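Engineer: Residues 33 to 116 in my numbering are what the sequence shown lists, from first letter to last. Glycine included, each C-beta is placed from N, C-alpha and C at the ideal position. Note that the structure is a prediction, hence the values are computed from the model and not measured. Got a structure for you, written out below as structure tokens; questions coming shortly.
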Amino acid sequence: MNSSTELAAAVLAGEEPLFHPNTGKPLSEEFTLHPAAAAGLDVPRYCQLCGRRMVVQVRPDGWNARCSRHGELDSDHLYEEALP
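Pasting the structure below:
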């Protein structure tokens with residue numbers, strides 16, 4: 033298992049993604065999102081740093097996504113950062 037934290041660090045720092053988290057395509061390309069992704073309701077399925085498909089587990093209270101190269105991102109981290 034990879035212990036990298038690059039993905040979480042990039043997302044929490046607000047870095048611009050290189051690849052779309054729902055399609056895995058470079059952001060420079062045109063693509064069409066399915067309705068749930070367009071509404072912001074779908075979990076990220078692709079690493080925003082490399083575009084690889086991630087292993088995603090959806091839980092009742094959130095989700096966890098893991099890239100084989102850049103580590104894990106948990107939805108709990110996103111919500112904790114938003115709290116005062």
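(1) Please list the terminal residues of the continuous alpha helix (DSSP H) segment that includes A68.
(2) Alpha carbon to alpha carbon, how far is L50 from S107?
(3) Using a 10 Å radius around the Cβ and a threshold of 16 neighbouring Cβ atoms, would you call H52 buried or exposed?
(4) If you run the structure through DSSP and keep just helix, strand and coil, what is V75?
(5) Taking 7 Å as the cut-off, is the beta-carbon of A70 closer than that to any non-hydrogen atom of the ligand MN?
(6) With DSSP run on the structure shown, which of helix, strand or coil describes D105?
Structural biologist: For this structure:
(1) To locate residue 68, count along the sequence shown from 1; it is residue 36. In this chain, the alpha helix (DSSP H) harbouring A68 covers P67 to A70.
(2) As a position in the sequence shown, residue 50 is number 18, starting the count at 1. As a position in the sequence shown, residue 107 is number 75, starting the count at 1. Going by C-alpha positions, L50 is about 20 Å away from S107.
(3) For the purposes of this step, residue 52 is identified with residue 20 of the sequence shown, where counting begins at 1. Buried, by the Cβ-count rule.
(4) If you number the sequence shown from 1, residue 75 lands on position 43. Residue state, collapsed to three classes: coil.
(5) The model depicted lacks the ligand MN and carries no ligand whatsoever.
(6) Within the sequence shown, the letter at position 73 stands for residue 105. Sequence inspection shows Leu at residue 105; the Asp mentioned does not correspond to that position. In the structure shown, L105 falls within a strand segment according to DSSP collapsed to helix, strand and coil.
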